[in-house]
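Below: one structure, written as C-alpha cells.
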Amino acid sequence: MKIAILKETAPGEARVAATPETVKKFNALGATIAIEEGAGAAASYPDEAYREAGAEVLPAGRAVSEADIVLGIQAPPAMALAGAKKGAWVAASFDPFRQQELVAEYAKGGFEALAMELMPRITRAQSMDVLSSQSNLAGYKAVLTAANVYGRAFPMMMTAAGTVQAARVFVMGVGVAGLQAIATAKRLGAQVSATDVRSATKEQIQSLGAKPVFVENVAGIEGEGAGGYATEMSEEYQKAQAELVSGHIAKQDIVITTALIPGRAAPRLISDAQVASMKPGSVIFDLAVAQGGNVEGSKPDEVIERHGVKIVGYSNTAGHLAADASALFARNLYNFLNAFWDKDQGRPVLDEEIGDAIRLTRDGAVVHPKLAS
Ligand code: NAD
C-alpha cells in the first residue's frame, strides 16, 4: 500500500497534507509513504524530517508513481496523478460544487475522489473533520489580522496619559470559526458581541463571556437545517436581521464575518451603506471572502478601504498558519484512513455512511448524489 503526498500547487497554498508525525503513523500501519521534494517546506517541515520519519522523498512527478492513495490539501489537477494505480483514492478538499470540471476529470481518469470537506458532522467523524480543524485556526487568525490592521489597541488600558478604550468586536456567524474568533478577541481584551441565524448559538456566545445580538419574534427564526448547518433564511428574517445589526455595526470597531451556507454562495451580511456607518479606522475581516464574501466590496487577499474602513479577507486564512494547519489537516487524514484500516487487506475499506457522504467519483463515473446527473 503506497501513499503519495504531492507538493500543493494552488497559488499561495503553503500547507502540506502529511507531516513527519503522520508519516510515522502510516508506516506503523504498514503503508509506505512517498512525498515530493519540498512539499512541506512552506509549512516548516523540511525534506530531511520526512526522510527521518521514514518517507521516501522524490522529485516532482515521481512520488505519485504506483500510488494506491494520494493525499492533498487541495485536490491536485487529475493530470498530476498520471502514474498512480488505476482506481487510486485521492483524499483532499475538492470544493466539489464549484469545481465540477475537476470532479469530471477525476471520473474520466478512473480515480476515486474523496472530498474531505463533505465528512458528515457526526461524533465518530469529529477527528477527521478538516472543516473544523481549519476553521478553528482561521477564526483565530482573522482576529489577529484585524488587530494588526487596526490602528488602536484591543484592551482597555488605564495609563498616566489617560485611558485607552477597549475595542468593540462583533462576530457574525458563530460556527467553529466564529467561536474561536470570539474567544480570541476576548483574550485580547476586547468587548465582544456576536450573532448567528441559529438560535442555539446564543448560549455558546454567552458561555464565552460575549453578548448575543439576536432578532426575536420573526417567523422561520430557527435557521438550523440538516447536520447543524445554517439554512437560507426567509426574506422577512433577513430584513429584520439587517435592521438589528445595522444599528449595532455602526458602533463597532472590528467586525469579523464568518457566515457560510454549504453548497451556496456566502450570504451577504454587510452592505456598503453599513460599512459607511462605521467610524473611520474600523476594520472588517471577511472570512467568507473566498466563497463570494459576506461584505460588499471585499476582495480576496486585499486590504481595501471604503469610507475610511479597512476591509480585509484572505482566500485561505488557515493557510496563513501553515505549520499548525498542516499538522491538524494531516492528522484528520490519518484519523480518517486509520479508522477504516482493514488489517487483513492492508488497506482502508470505507463503510457506507462515510463513504457515500464523501465519495465523488468511482469506476469512471461521478457518483455523489448531489453531483451525479
Ligand atoms: P459554517 O462554516 O457552515 O457557517 C458559519 C456560521 O455562519 C454558522 O454558525 C452559520 O449558522 C452562520 N450563518 C449562516 N448564515 C448566516 C447569516 N445570514 N447570519 C449570521 N450567521 C449565519 O459553520 P460551521 O463552523 O461549519 O458549523 C456548522 C455547525 O456544525 C455548527 O452547529 C457546529 O457546531 C456543527 N459542527 C458539528 C461537528 C460535529 O458534530 N462533528 C463538527 C463541527 C461543527
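If you count the sequence shown from 1, position 214 lands on 213 in numbering that gives the first Met the number 0, and the numbers rise without skipping. Yeah, the Cβ is synthetic: ideal placement off N, Cα and C, and Gly gets one too.
Practice task
Answer with buried or exposed for Lys140, where buried requires no fewer than 16 other C-beta atoms within 10 angstroms of its C-beta.
Solution key: Reading the sequence shown from its first residue, position 141 is the one you call residue 140. That one is buried.
Practice task
Kindly indicate the opening and closing residues of the beta strand (DSSP E) around Ile4.
Solution key: For the purposes of this step, residue 4 is taken as the residue at position 5 of the sequence shown. Ile4 -> beta strand (DSSP E) spans Lys1 to Ile4.
Exercise for the section: Express the C-alpha separation of Leu336 and Val265 in angstroms, rounding to a whole number. Expected result: Counting from one through the sequence shown, the residue named residue 265 turns up at place 266. Counting from one through the sequence shown, the residue named residue 336 turns up at place 337. Reading the sequence as shown, one finds Ala at residue 265 and not Val. When rounded, the distance between both Cα atoms is 31 Å.
Handout entry: Val244 in three-state terms, based on DSSP
Key = Counting from one through the sequence shown, the residue named residue 244 turns up at place 245. Looking at Val244 - three-state DSSP - the assignment turns out to be helix.
Problem - Beta-carbon spacing of Ser325, Ile310 below 7 Å - result: For the purposes of this step, residue 325 is taken as residue 326 along the sequence shown, with counting starting at 1. For the purposes of this step, residue 310 is taken as residue 311 along the sequence shown, with counting starting at 1. No, they are not a contact pair.
Exercise for the section: Can you grab the Cα-Cα spacing for the pair Arg361 / Lys85, in whole Å? Expected result: Taking the sequence shown and counting its residues from 1, the one referred to as residue 361 is at position 362. Taking the sequence shown and counting its residues from 1, the one referred to as residue 85 is at position 86. Computed Cα separation, rounded: 11 Å.
Problem - For Phe284, the first and last residue of its enclosing beta strand (DSSP E) - result: Against the sequence shown, residue 284 aligns to sequence position 285. Residues Val282 to Asp285.
Problem - Close beta carbons around Ile248, own chain, < 8 Å, minus the five adjacent residues each side - result: Locating residue 248 in the sequence shown gives position 249, counting from the first residue. Excluding five sequence positions before and after Ile248, the CB atoms of its chain that fall closer than 8 Å to its own CB belong to Phe169, Val254, Ile269, Gln273, Ser276 and Met277, given in chain order.
Exercise for the section: Put Thr21 into one of helix, strand or coil per three-state DSSP. Expected result: If you number the sequence shown from 1, residue 21 lands on position 22. Helix at Thr21.
Practice task
Within the same chain, show all residues whose beta-carbon is closer than 7 Å to that of His319, passing over the 5 residues directly before and after it, in chain order.
Solution key: Taking the sequence shown and counting its residues from 1, one reaches residue 319 at position 320. Within the same chain, His319 has close Cβ partners Lys140 and Tyr313.
Exercise for the section: Sort Ala160, Thr200, Ala159 and Lys185 by Cα distance to Gly172 and report the nearest one. Expected result: Within the sequence shown, numbered from 1, the residue matching residue 172 stands at position 173. Cα-wise, what sits closest to Gly172 is Thr200.
Practice task
Could you tell me which of Val196, Gln203 and Met157 sits nearest to Gly188, measuring between CA atoms?
Solution key: Here residue 188 refers to the residue found at position 189 of the sequence shown. Minimum Cα distance to Gly188 is reached at Met157.
Exercise for the section: Taking Gln98 as the reference, give the member of Phe25, Ala87, Thr21 and Pro75 with the closest Cα. Expected result: Walking along the sequence shown from the start, residue 98 turns up at place 99. Nearest of Phe25, Ala87, Thr21 and Pro75 to Gln98, Cα basis: Pro75.
Problem - Counted within 10 angstroms of its Cβ, other Cβ atoms place Thr375 as buried (16 or more) or exposed - result: Residue 375 is absent from the model: the chain starts at 0 and stops at 372.
Exercise for the section: Please list, in chain order, all residues of the same chain as Ala41 whose beta carbon is under 7 Å from its beta carbon, the five residues on each side excluded. Expected result: Taking the first residue of the sequence shown as 1, we reach residue 41 at position 42. The answer, listed in chain order, is Ala13 and Ala321.
Handout entry: Exposed unless 16 or more other CB atoms sit within 10 angstroms - verdict on Pro58
Key = Along the sequence shown, read from residue 1 onward, the residue named residue 58 stands at position 59. Looking at its Cβ environment, which holds fewer than 16 other Cβ atoms inside 10 Å, Pro58 is exposed.
Problem - Reduced DSSP category for Ser192 - H, G, I as helix; E, B as strand; rest coil - result: By one-based count along the sequence shown, residue 192 stands at place 193. If DSSP states are grouped into helix, strand and coil, Ser192 belongs with the strands.
Handout entry: From Val244, Leu70, Lys6 and Asp46, residue whose alpha carbon lies closest to that of Val196
Key = Within the sequence shown, residue 196 is the residue found at index 197, counting from 1. Ranking Val244, Leu70, Lys6 and Asp46 by Cα distance to Val196 puts Val244 first.
Problem - Gln179 versus Leu207, Glu35, Leu113 and Asp323, residue with shortest Cα-Cα distance - result: On the sequence shown, position 180 is the one that residue 179 refers to. Its Cα nearest to that of Gln179, the residue Leu207 stands out among Leu207, Glu35, Leu113 and Asp323.
Exercise for the section: Look up Ser198 in the DSSP assignment and say whether it is helix, strand or coil. Expected result: Locating residue 198 in the sequence shown gives position 199, counting from the first residue. It is coil, neither helix nor strand.
Handout entry: First through last residue of the beta strand (DSSP E) which encompasses Phe169
Key = Residue mapping note: residue 169 aligns to position 170 of the sequence shown, counting from 1. First-last of the beta strand (DSSP E) with Phe169: Arg167 to Met171.
Exercise for the section: Name the two residues that bound the continuous beta strand (DSSP E) containing Ile253. Expected result: The count along the sequence shown starts at 1 and reaches residue 253 at position 254. Here the beta strand (DSSP E) through Ile253 covers Ile253 to Thr256.
Practice task
Can you have a look at Asn147 and say buried or exposed, based on whether 16 or more other CB atoms are within 10 angstroms of its CB?
Solution key: Counted from its first residue, the sequence shown places residue 147 at position 148. Asn147 is exposed by the Cβ-count criterion.
Handout entry: Arg172 Cβ short of 6 Å to the ligand NAD heavy atom set
Key = Counting from one through the sequence shown, the residue named residue 172 turns up at place 173. Before going further, note that residue 172 is Gly rather than Arg in the sequence given. Under cutoff, so the answer is yes.
Practice task
With Lys107 as the anchor, note down where its alpha helix (DSSP H) starts and where it stops.
Solution key: Position 108 of the sequence shown, counted from the first residue, corresponds to residue 107. Here the alpha helix (DSSP H) through Lys107 covers Gln99 to Gly108.
Practice task
Apply the 10 Å Cβ neighbour rule to Thr257 and answer buried if 16 or more other Cβ atoms are within range, or exposed otherwise.
Solution key: Residue numbering aside, residue 257 sits at position 258 when the sequence shown is read from its first letter. Answer is buried; the Cβ neighbour count reaches 16.
Practice task
Could you check which residue in Ala112, Glu20, Val294 and Gly363 has the C-alpha nearest to that of Phe93?
Solution key: As a first step, residue 93 must be located in the sequence shown, where it is residue number 94. That would be Ala112, whose Cα lies nearest to the Cα of Phe93.
Exercise for the section: Would you grab the beta carbon distance between Ala166 and Ile181 for me? Rounded to a whole angstrom, and I think it's under 8 Å. Expected result: As a working mapping, residue 166 is identified with position 167 in the sequence shown. As a working mapping, residue 181 is identified with position 182 in the sequence shown. Not quite, the Cβ-Cβ distance comes to about 13 Å (not below 8 Å), so this is no contact.
Practice task
With DSSP as the reference, label Leu359 as helix, strand or coil.
Solution key: Along the sequence shown, read from residue 1 onward, the residue named residue 359 stands at position 360. Coil.
Handout entry: Alpha-carbon to alpha-carbon, Ile2 and Thr31
Key = Residue mapping note: residue 31 aligns to position 32 of the sequence shown, counting from 1. Residue mapping note: residue 2 aligns to position 3 of the sequence shown, counting from 1. For Thr31 and Ile2, the distance between alpha carbons rounds to 6 Å.
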